[in-house]
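To start, the structure itself, in structure tokens.
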Amino acid sequence: MKCATLICLLLPFYALGQAKIIGLVKLQNSGGQALTNAEAWAIGCAANPARFSDNKGYFELSFPAKAPGDVVRNISVSLNGYEVVNKEQLQSVGLLKVPEEQPLIVVLCRQGSYRQAAANYYQTILTGGQNELQAEKARLEKLLEAERSNHQAIQAQLTEITLQLEQLPKVAEAAADYFAAIDLDQANQIQQSAMEALNKGQIQEALNAMPEEQMDQQLASALKRKQQLETQLSETNQLIRQSIDNYIFKARLLSSSGNYEAADRLYGKAVAADPGNRALTGNYARFLQAIYRYDKALFWLERMIQSDAEAWRSAEAYNRMGDIYKATGDPDRALQAYQQSRSLYDSLHQAAPSNAFYQEHLGYAYGSLGRLFMALGQYGSARSFFEQEAELFRTLHEAYPEEADFQTGLASALENLGYWHQTQGRLDTALLLFRQMTALTEALYHQQPDQFTAQAGLAAAYERLGVLHQLQEQYDTAFLFFRKEAALFEALCRAYPHMAHLKDDLAIVHAHLGSTHLALGTLDSARHYFRLEAAQVEKRCHEAPANEALKSWLAGSCEHMGSVHQAMGQPDTALDYFTRQKVILEALCLSNPQSEALKNSLSVSYSRLGDTYMDLRRPDSARVFYNLDLQLNQRLARDNPGNFQSRMGLGTAYLRLGLFSETTDSLALALDYFSEARAVFSRAYQETGLERYRAQRDRADLWIEKVEARHLPFSKRLERLLVRADTATAYADKVHDQQQALKLLRELLNAVGGDPQLEKWMAELYGDLAHYHLFNQQFAEAEAAARKGLDLGGVQVEWIHANLAAALLYQGRYPEAKALYRRYKDQSFDAENSWAAIFLKDLTELEDAGITHPDVAKIRKMLGP
Numbered sequence: 000m001k002c003a004t005l006i007c008l009l010l011p012f013y014a015l016g017q018a019k020i021i022g023l024v025k026l027q028n029s030g031g032q033a034l035t036n037a038e039a040w041a042i043g044c045a046a047n048p049a050r051f052s053d054n055k056g057y058f059e060l061s062f063p064a065k066a067p068g069d070v071v072r073n074i075s076v077s078l079n080g081y082e083v084v085n086k087e088q089l090q091s092v093g094l095l096k097v098p099e100e101q102p103l104i105v106v107l108c109r110q111g112s113y114r115q116a117a118a119n120y121y122q123t124i125l126t127g128g129q130n131e132l133q134a135e136k137a138r139l140e141k142l143l144e145a146e147r148s149n150h151q152a153i154q155a156q157l158t159e160i161t162l163q164l165e166q167l168p169k170v171a172e173a174a175a176d177y178f179a180a181i182d183l184d185q186a187n188q189i190q191q192s193a194m195e196a197l198n199k200g201q202i203q204e205a206l207n208a209m210p211e212e213q214m215d216q217q218l219a220s221a222l223k224r225k226q227q228l229e230t231q232l233s234e235t236n237q238l239i240r241q242s243i244d245n246y247i248f249k250a251r252l253l254s255s256s257g258n259y260e261a262a263d264r265l266y267g268k269a270v271a272a273d274p275g276n277r278a279l280t281g282n283y284a285r286f287l288q289a290i291y292r293y294d295k296a297l298f299w300l301e302r303m304i305q306s307d308a309e310a311w312r313s314a315e316a317y318n319r320m321g322d323i324y325k326a327t328g329d330p331d332r333a334l335q336a337y338q339q340s341r342s343l344y345d346s347l348h349q350a351a352p353s354n355a356f357y358q359e360h361l362g363y364a365y366g367s368l369g370r371l372f373m374a375l376g377q378y379g380s381a382r383s384f385f386e387q388e389a390e391l392f393r394t395l396h397e398a399y400p401e402e403a404d405f406q407t408g409l410a411s412a413l414e415n416l417g418y419w420h421q422t423q424g425r426l427d428t429a430l431l432l433f434r435q436m437t438a439l440t441e442a443l444y445h446q447q448p449d450q451f452t453a454q455a456g457l458a459a460a461y462e463r464l465g466v467l468h469q470l471q472e473q474y475d476t477a478f479l480f481f482r483k484e485a486a487l488f489e490a491l492c493r494a495y496p497h498m499a500h501l502k503d504d505l506a507i508v509h510a511h512l513g514s515t516h517l518a519l520g521t522l523d524s525a526r527h528y529f530r531l532e533a534a535q536v537e538k539r540c541h542e543a544p545a546n547e548a549l550k551s552w553l554a555g556s557c558e559h560m561g562s563v564h565q566a567m568g569q570p571d572t573a574l575d576y577f578t579r580q581k582v583i584l585e586a587l588c589l590s591n592p593q594s595e596a597l598k599n600s601l602s603v604s605y606s607r608l609g610d611t612y613m614d615l616r617r618p619d620s621a622r623v624f625y626n627l628d629l630q631l632n633q634r635l636a637r638d639n640p641g642n643f644q645s646r647m648g649l650g651t652a653y654l655r656l657g658l659f660s661e662t663t664d665s666l667a668l669a670l671d672y673f674s675e676a677r678a679v680f681s682r683a684y685q686e687t688g689l690e691r692y693r694a695q696r697d698r699a700d701l702w703i704e705k706v707e708a709r710h711l712p713f714s715k716r717l718e719r720l721l722v723r724a725d726t727a728t729a730y731a732d733k734v735h736d737q738q739q740a741l742k743l744l745r746e747l748l749n750a751v752g753g754d755p756q757l758e759k760w761m762a763e764l765y766g767d768l769a770h771y772h773l774f775n776q777q778f779a780e781a782e783a784a785a786r787k788g789l790d791l792g793g794v795q796v797e798w799i800h801a802n803l804a805a806a807l808l809y810q811g812r813y814p815e816a817k818a819l820y821r822r823y824k825d826q827s828f829d830a831e832n833s834w835a836a837i838f839l840k841d842l843t844e845l846e847d848a849g850i851t852h853p854d855v856a857k858i859r860k861m862l863g864p
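Sequential numbering from 0 applies to the sequence shown in numbering that gives the first Met the number 0.
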């Protein structure tokens, strides 16, 4: 006998334990592929591992508080990367006594394909009723044959079924699209009733569940509500826009008074109020960049790029990021950002080549890359980008000659190209480009004299011309341009007091004015302007202590203050400034190892310290810094062998050490340093033809001559010159050295009076000089040298007639040359050679050197084989 009470107590729990749902998760249109690890859940279900589908796709939901026959609503099934297709069938599921016999089928599709998947699924379900209708049609047709009495009623049913079968595909397609578009969680009563009827294949019931009058009422109510909401939304948006405008306006007012913290706070509120406004985000980043809040500026620029902003806005953001990375001493990231900007604008330009906006900003992107490469000392790449920039803006200016933006762009491109030529010592070309720039900016200024960009552009042109005239040592002219520039920036500072960078620009003009006064010797005025510059840069460095561009400017200001105190005879004060300059630049060079510009500045700092220690009569300390200067310039020249500044810096470092050694009576060492300087400048002049190299070479020659006069006897000095002329590789150098030797010999001849032996020696030197002139293609000079030699030596140097004949021939004076060749061709030159052989040998050597003339063939024919 069993305990009845216990059985009664256990029965409810046993029955409740059987309440569960067995489900099968499948991938749609996969031939029944089961999906593993899909998580099923519903309110009231037990938390157990069976909720996750197994390797056959089955899952189990147990409901301890429910019994078979109860209904479970809103079953959820989720799997990462997938969506449920048959959502409607999961809204309400009855609990079965034997759930294994009829598992709940859950159909999933891949994420992003729900709309099409749902349409396909529901169409399959609806068209499934086609088999039932066809079976019923077959039954009625068979019955029609057997029962003649009820013929009309059966025929009516057949007609209805046939019509349903014809309509079913179109109804299924429409219903499938309808189901797929409905969000089941938000379906209204009409939609739910229609869906229930269609799921049962009851088309007419579905139509009845959607009364037109009720739908009209729903639509009218919804449209009215929409209009009310849109009106409210429009009013709200206007209030938001007004609030944002108020924030921005107040922020600009605060910024103009220097209250950047408060301005930043208001800008931040404005952006937070409309985070999707890309123009507002860009303006906020521009403000942050202007006040040197680079970290925050980068944050907002990166956020703008990561958003769905237009490509041109992303390109602009990348360009600004490049500016920030460049200013903070990160050239690698600057290059990446500039290249991204250039790439985006280039793609936009290629897709729409007639779009002037894309072409304009592609030009600016080229300019940014060019300026970065200039800072890195990669002058070939810089020139390429500057030329591409100029070509784009020339095209735009020609197509739109009245468009001020394109005139401004072309002026900027000419400025970049002019600066490139200036750094390479091509001052004439730079002057031409800067004058073209000035013509464009003056035209813009006369058209719109109160316009900001017109005033700023003209000021930049005046600065370029002023600096160039400084380099040409035309200080009065430079001063006039700098005064014009200062007047423009003073007016801009008054008109735009909130624009802090204008004060920086004015301070830079003050530095130029100070440098000009220093060169002119008006030292009090120079110090006045340098102090104005120093006050501004110190203020800016205090505001942004991490800004490396400002630190570099501060180093330059220290050099200016040191230079004026040095010129005023105050070397101790000068030493303090130059030492501070050195400390700043050494730190910057450590954090910016790729920057050639900083290394050049550090070289200047070392030389300034060397000069100051010499003023303080501390030659040992001076020697240390002169040697540091030389070592740094040797590395720069090695890394950039063809660069103008590197060559000029190295040659000047040798000159400076030569002067130091000459001052300290180390004459042999001085001669070595001057000779090294001469070699650097001579090689550079030979390769480039730049007059600045020639001038420095001549300066080295003067010092060599001076030191040799103190250190070497006459014969040794003359020997050094002749050996140098003989061993030089360039005929221009041979000519120069031979002329120096002749000058030295002439001084000796004048000192001792007439000496036949010295005169013969000088005649021979003139003969050699004529030979060098021929190979340097200076034929008139060759003739003059040959005639001087013949006048001095007469028959003793008759061989010079060979050089004279060639000089006449290559000047196109054929009759004179022919007469000279005919006069000597049949005579013996020496025991082994005829004059004709010597003539032919000279002509062959000239032709081998690429020097020829149309009359050479006639002379060869006359001279014979």
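Even for Gly, the Cβ is constructed at its ideal location relative to N, Cα and C.
Source: prediction; values computed, not measured.
beta-carbon Leu764 near the ligand NAP non-hydrogen atom, thresh 7 Å:
This structure simply doesn't include the ligand NAP, nor any ligand for that matter.
For Ala39, the three-state DSSP class (helix, strand or coil):
Sequence index remark: in the sequence shown, residue 39 carries index 40 (1-based). Residue state for Ala39 is assigned as strand, using DSSP reduced to three classes.
According to DSSP, is Lys1 part of a helix, a strand, or is it coil?
One-based indexing of the sequence shown puts residue 1 at position 2. Because Lys1 sits at a pLDDT of 37, beneath the cut-off of 50, its placement in the model cannot be relied upon, and the following sentence gives the value as read from the coordinates. In this structure, Lys1 counts as coil in the three-state DSSP scheme.
Classify Arg72: buried if its beta carbon has 16 or more other beta carbons within 10 angstroms, exposed otherwise.
As a working note, residue 72 is residue 73 in the sequence shown. Taking all protein chains shown into account, Arg72 has fewer than 16 neighbouring C-beta atoms within 10 Å of its C-beta and is therefore exposed.
With a threshold of 8 Å, are at least 3 pairs of Cβ atoms found where one atom belongs to the segment 771–783 and the other to the segment 816–827?
The segment 771–783 is not in contact with the segment 816–827.
Three-way DSSP call (helix, strand, coil) for Ile160 in this model
Within the sequence shown, the letter at position 161 stands for residue 160. Helix, per DSSP.
Beta-bridge pairing of Lys25 - partner residues as DSSP gives them
Walking along the sequence shown from the start, residue 25 turns up at place 26. DSSP lists Ala33 and Val106 as partners of Lys25.
Taking CB distances under 8 Å as the criterion, tell me whether Leu701 reaches chain B.
Absent here is chain B; the protein component of the structure consists of one chain.
Is Leu391 near Leu334, with beta carbons less than 8 Å apart?
The residue labelled residue 391 in the question sits at position 392 within the sequence shown. The residue labelled residue 334 in the question sits at position 335 within the sequence shown. Their beta carbons are not under 8 Å apart, which means Leu391 does not touch Leu334 by this criterion.
Restricting to Cα atoms, I'd like to know which of Gly641, Asp700, Arg616 and Ser606 is closest to Leu656.
To locate residue 656, count along the sequence shown from 1; it is residue 657. Checked all of Gly641, Asp700, Arg616 and Ser606; the closest Cα to Leu656 is Ser606.
Tell me the DSSP secondary structure of Arg72 in three-state form.
Here the question's residue 72 lines up with position 73 in the sequence shown. In this structure, Arg72 counts as strand in the three-state DSSP scheme.
Considering just the uninterrupted stretch of the alpha helix (DSSP H) at Val83, what are its terminal residues?
Translated into the one-based positions of the sequence shown, residue 83 becomes position 84. Counting along the chain, Val83 falls outside any alpha helix (DSSP H), though it belongs to the beta strand (DSSP E) covering Tyr81 to Val83.
If we count the other Cβ atoms within 10 Å of its Cβ and call it buried at 16 or more, is Ala14 buried or exposed?
For the purposes of this step, residue 14 is taken as residue 15 along the sequence shown, with counting starting at 1. The pLDDT assigned to Ala14 is 39, lower than 50, so where the model puts this residue is not dependable; a value taken from the coordinates is nonetheless given after this. Ala14 should be labelled exposed.
Touch check for the segment 60–75 and the segment 38–50: three-plus C-beta pairs under 8 Å?
yes
Residue from Asp614, Tyr444 and Gln190 whose Cα sits closest to the Cα of Gln213
Position 214 of the sequence shown, counting from 1, holds the residue named residue 213. Here the closest residue by C-alpha is Gln190.
If I measure Cβ to Cβ from His360 and keep anything under 6 Å in the same chain, skipping five residues before and after, which residues do I get?
Against the sequence shown, residue 360 aligns to sequence position 361. Around His360: Tyr344.
In terms of residue numbering, what span does the beta strand (DSSP E) encompassing Leu95 cover?
Position 96 of the sequence shown, counted from the start, is the residue given in the question as residue 95. It is not in any beta strand (DSSP E) - Leu95 carries neither H nor E in the DSSP assignment.
What number of angstroms, rounded off, separates the C-alpha of Ala769 from the C-alpha of Gly793?
Position 770 of the sequence shown holds residue 769. Position 794 of the sequence shown holds residue 793. Between Ala769 and Gly793, the C-alpha separation is close to 16 Å.
Enclosing alpha helix (DSSP H) for Phe58 [first to last residue]:
Within the sequence shown, residue 58 is the residue found at index 59, counting from 1. Phe58 -> not in any alpha helix (DSSP H); beta strand (DSSP E) instead, spanning Tyr57 to Ser61.
Specify the secondary structure class of Ile850 as computed by DSSP and reduced to three states.
For this step, residue 850 is matched to residue 851 along the sequence shown. Ile850 falls in the coil class under three-state DSSP.
Is it buried or exposed for Phe838, if we count other Cβ within 10 angstroms and need 16 for buried?
Within the sequence shown, residue 838 is the residue found at index 839, counting from 1. By the neighbour-count rule (16 or more Cβ atoms within 10 Å), Phe838 is buried.
I'd like the ranges of any alpha helix (DSSP H) spanning at least 4 consecutive residues and lying wholly in the segment 717–799.
730–751, 755–774 and 778–792
Can you list, in chain order, the residues of its chain with a C-beta nearer than 6 Å to that of Ala261? Leave out the 5 residues immediately preceding and following it.
Counted from its first residue, the sequence shown places residue 261 at position 262. Closer than 6 Å at Cβ, skipping near neighbours: Leu253.
So the candidates are Leu443, Arg425 and Tyr283; which of them puts its Cα closest to the Cα of Pro400?
Translated into positions along the sequence shown, residue 400 becomes position 401. Answer by Cα proximity: Leu443.
Residue range of the unbroken alpha helix (DSSP H) whose run includes Ile858
Stepping through the sequence shown from its first residue, residue 858 is reached at position 859. For Ile858, the uninterrupted alpha helix (DSSP H) segment begins and ends at Val855 to Leu862.
Please list, in chain order, all residues of the same chain as Asp732 whose beta carbon is under 6 Å from its beta carbon, the five residues on each side excluded.
Position 733 of the sequence shown, counted from the first residue, corresponds to residue 732. Hits under 6 Å: Ser681.
Give the DSSP-derived three-state secondary structure of Lys824 in the structure shown.
Translated into positions along the sequence shown, residue 824 becomes position 825. Reduced to three states, the DSSP call for Lys824 is coil.
Distance CB(Gln423)-CB(Phe643) smaller than 8 Å
As a first step, residue 423 is located in the sequence shown; it is residue number 424 there, counting from the start. As a first step, residue 643 is located in the sequence shown; it is residue number 644 there, counting from the start. Cβ atoms of Gln423 and Phe643: closer than 8 Å.
Ala18 - DSSP class collapsed to helix/strand/coil:
Along the sequence shown, one-based indexing puts residue 18 at 19. Ala18 falls in the coil class under three-state DSSP.
Thinking C-beta only, is Leu164 closer than 8 Å to Gln133?
Indexing the sequence shown from 1 puts residue 133 at position 134. Indexing the sequence shown from 1 puts residue 164 at position 165. It is a contact, given that the beta carbons lie within the stated cut-off.
Checking 8 Å against the spacing of the C-beta atoms, do Ala596 and Asp628 come in under that value?
Along the sequence shown, read from residue 1 onward, the residue named residue 596 stands at position 597. Along the sequence shown, read from residue 1 onward, the residue named residue 628 stands at position 629. No. Outside cutoff.
Hey, Ala762 and Val706: beta-carbon distance below 8 Å or not?
On the sequence shown, position 763 is the one that residue 762 refers to. On the sequence shown, position 707 is the one that residue 706 refers to. Not closer than 8 Å, so no.
Same chain only: Cβ atoms within 6 Å of Phe673, ignoring 5 sequence neighbours per side
Residue numbering aside, residue 673 sits at position 674 when the sequence shown is read from its first letter. For Phe673, where only same-chain residues beyond five positions count, the Cβ hits under 6 Å are Gly657, Ala699, Trp702 and Ile703.
Out of His497, His541 and Gly561, point me to the one whose CA is closest to Gly513's CA.
Indexing the sequence shown from 1 puts residue 513 at position 514. Looking at the Cα atoms, Gly561 is the closest of the given residues.
Put Ser77 into one of helix, strand or coil per three-state DSSP.
The residue labelled residue 77 in the question sits at position 78 within the sequence shown. Correct three-state label for Ser77: strand.
What do you get for Ile153, buried or exposed, if any count of 16 or more other CB atoms within 10 angstroms of its CB means buried?
Walking along the sequence shown from the start, residue 153 turns up at place 154. Ile153 comes out buried.
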